[in-house]
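Scroll down for the structure; my scribbles are underneath it.
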Amino acid sequence: MATILITTLYISLTIHIFLIGIAVWRVWRGENSIDRLISTDLVTTLMLAVLVLISLILRDSIYIDVALGLGALSFIGTVALAKFLADEKMF
Amino acid sequence: MDTILQLLALIAVITGTFFSVVGVVGLVRLPDVYTRLHATGKVGVFGVVLLLVAAVLWAPLGWGKALLLIVLLMVAGPVTAHAIASAAYRLGIPMKDAVRDDLESERKKME
Amino acid sequence: MVSLRSILLLTLVYLALTANLQPLNILTGILLAVGITAVLPHPRQKLRWRRLPGMVLASLRYAFILLYDLLASGIQVARIVLSPKMPLRPGIIAIPSGCTNETAVALSAHAITLTPGEMVVEIDDAGVMYTHMLDVADAEQDILAAQKMRRELLQKIL
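Protein chains in written order, with the numbering used here: chain A, 1 to 91; chain B, 92 to 202; chain C, 203 to 360.
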């Protein structure tokens, strides 16, 4: 059972890294700035997924700490960037 | 007991990966900014949360942090989606083949 | 006087982050929580003990309804994205929230945006939520009924 789970985790990790590639391509070839912002947010979300998968494969909870920091920072960054794009000022 | 937990974790990992794939396929296929936001919001709410559920079920320690990250994602995901959608509407990015737009008619009534 | 509820929540967050249940660590968490609530004051409302059981029941029911909505509409959006023709009818409709309390309006907007397929774009001063939907035609009655039920539950919780 454990080997099936480990194999599934490795396959899922490969799929997620491939998906990050597609999302980065969308950042490069976006239609407008908001489209690129959406793709950037998606890249960080997929990186969270990769960190959680690595934590599951290595059975080490320190990677979930990294994921917490990345999640909080990307949330603030995306909201601030959306507000800056719309209003041309930060505060 | 351990086998049941591993089976549940396996199901959670497979479902989460499926929803991540659906989100990225939606990002590529859907026509405009607003509909794409629906698809990408789903990666955050379903994909990562189901992987974290697997982490809560299977990993030996650190399930408190995983639960905290689930709560953070559930609270932050809608806020991000709303911020981006509101910015797009204020920038005047059009909707492709929209059926109706109550906000536009409300704006016209105000002027 | 600081709010007991926020101190409890902040201490729980600290304990979940450190994963360490020694008494000294718990004391550090409580001290940090008291410090944070003293530095960042929060408009507090009185905890009414008599309404507490109804409040907890309503919160549980709210969470279950939210989870059910999440699953149902997640599967629906996955079907829309994966079907080859993509039956899209996007549009923005106005949903009156019917709440006067600002927290209740914010929580309804959060619940609507959390379910895939619906996303709040703008809220005006009267509490009307302008919601972007993937499929406008089929579900307007359902959305209004769901908002009515959500409003009654939120009035019990707050």
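Virtual Cβ for every residue (Gly too), placed ideally from N, Cα, C.
Please read these numbers as outputs of a predicted model, since none were measured by experiment.
message: Is residue 193 of chain B close to chain C? Criterion is C-beta to C-beta, closer than 8 angstroms.
response: Contact of residue 193 of chain B with chain C is assigned, a C-beta pair being separated by under 8 angstroms.
query: residue 120 of chain B touches chain C at which residues, Cβ-Cβ below 8 angstroms?
result: Chain C residues near residue 120 of chain B: 283, 288.
- request: State yes or no: is the beta carbon of residue 108 of chain B nearer than 8 angstroms to at least one beta carbon in chain C?
  value: So no, residue 108 of chain B is outside the interface.
- request: Mark residue 192 of chain B as exposed unless 16 or more other C-beta atoms lie within 10 angstroms of its C-beta, in which case mark it buried.
  value: Of the other Cβ atoms in all chains shown, 16 or more fall within 10 Å of the Cβ of residue 192 of chain B; this residue is therefore buried.
message: Spatial neighbours of residue 336 of chain C within its chain, please: C-beta separation below 7 angstroms, excluding the five flanking residues on both sides.
response: Result list for residue 336 of chain C: 279, 282, 290, 292, 319, in chain order.
- request: Would you verify that the beta carbon of residue 111 of chain B is, or is not, closer than 8 angstroms to some beta carbon of chain C?
  value: It does not; no Cβ of chain C falls within 8 angstroms.
message: On the DSSP bridge list, what partners appear for residue 294 of chain C?
response: According to DSSP, residue pairing for residue 294 of chain C in a beta bridge involves B/192, C/334.
query: Does the pairing of the segment 78-85 of chain A with the segment 135-150 of chain B give three or more beta-carbon distances under 8 angstroms?
result: Under the three-pair Cβ rule at 8 angstroms, the segment 78-85 of chain A does not count as touching the segment 135-150 of chain B.
- prompt: Is the CB-CB distance between residue 34 of chain A and residue 178 of chain B below 8 angstroms?
  reply: In this structure, residue 178 of chain B lies closer than 8 angstroms to residue 34 of chain A by Cβ.
- prompt: Within 10 angstroms of its Cβ, does residue 169 of chain B collect 16 or more other Cβ (buried), or is it exposed?
  reply: Residue 169 of chain B is classed as buried because its beta carbon has at least 16 other beta carbons within 10 Å across all chains shown.
task: Go ahead and label residue 187 of chain B buried or exposed: buried means 16 or more other beta carbons lie within 10 angstroms of its beta carbon, across all protein chains shown.
output: Label assigned to residue 187 of chain B: exposed.
- prompt: Between which two residues does the beta strand (DSSP E) harbouring residue 165 of chain B extend?
  reply: That residue, residue 165 of chain B, is in no beta strand (DSSP E); its alpha helix (DSSP H) goes 154-182.
field: Cut-off 6 angstroms between Cβ atoms - residues of its own chain near residue 260 of chain C, not counting five sequence neighbours on either side
entry: Result list for residue 260 of chain C: 355, 358, 359, in chain order.
task: Check the Cβ of residue 198 of chain B against every Cβ in chain A and list those closer than 9 angstroms, keeping chain order.
output: Within chain A, no C-beta atom comes nearer than 9 angstroms to that of residue 198 of chain B; the closest sits roughly 16 angstroms away.
field: Residues in the segment 164-179 of chain B having any Cβ partner in chain A nearer than 8 angstroms
entry: Along the segment 164-179 of chain B, going in chain order, the ones with a CB nearer than 8 angstroms to a CB of chain A are 164, 167, 170, 171, 174, 175, 177, 178, 179.
query: In three-state terms, what does DSSP make of residue 88 of chain A?
result: Note: residue 88 of chain A maps to coil in three-state DSSP.
query: Using a beta-carbon distance below 8 angstroms, is residue 213 of chain C in contact with chain B?
result: False, the Cβ-Cβ gap to chain B never drops below 8 angstroms.
task: Give me whichever residues DSSP pairs with residue 325 of chain C in a beta bridge.
output: In DSSP, residue 325 of chain C forms a bridge with C/331.
task: Inspect the CB distances between the segment 207-217 of chain C and the segment 304-313 of chain C and report whether three or more fall short of 8 angstroms.
output: No: the two stretches stay apart, fewer than three of their Cβ pairs being nearer than 8 angstroms.
- prompt: DSSP three-state call for residue 320 of chain C: helix, strand or coil?
  reply: It is a strand residue.
- prompt: Using a beta-carbon distance below 8 angstroms, is residue 26 of chain A in contact with chain B?
  reply: Yes, contact with chain B.
- prompt: To the nearest whole angstrom, what separates the beta carbons of residue 37 of chain A and residue 78 of chain A, a pair I think is in contact under 8 angstroms?
  reply: Between residue 78 of chain A and residue 37 of chain A the Cβ distance is about 7 angstroms, and since that is below 8 angstroms, they are a contact.
- request: Could you work out which residues of chain B lie near residue 332 of chain C, taking near to mean beta carbons separated by less than 7 angstroms?
  value: Near residue 332 of chain C (Cβ distances below 7 angstroms), the residues of chain B are 193, 194.
- request: Indicate the three-state DSSP secondary structure (helix, strand or coil) for residue 205 of chain C in the structure shown.
  value: For residue 205 of chain C, the three-state secondary structure derived from DSSP is coil.
query: So is residue 71 of chain A in contact with chain B if we call contact Cβ pairs under 8 angstroms?
result: At a cut-off of 8 angstroms, the C-beta of residue 71 of chain A has a neighbouring C-beta in chain B.
- prompt: DSSP three-state call for residue 133 of chain B: helix, strand or coil?
  reply: Here residue 133 of chain B carries a helix assignment [DSSP, helix/strand/coil].
query: When Cβ atoms are compared, which residues of the segment 121-139 of chain B fall closer than 8 angstroms to chain E?
result: Judged by its chain identifiers, the structure shown contains no chain E, and its protein chains are A, B and C.
- prompt: Alpha carbon to alpha carbon, what distance is there between residue 276 of chain C and residue 109 of chain B?
  reply: Going from the Cα of residue 109 of chain B to the Cα of residue 276 of chain C covers about 12 angstroms.
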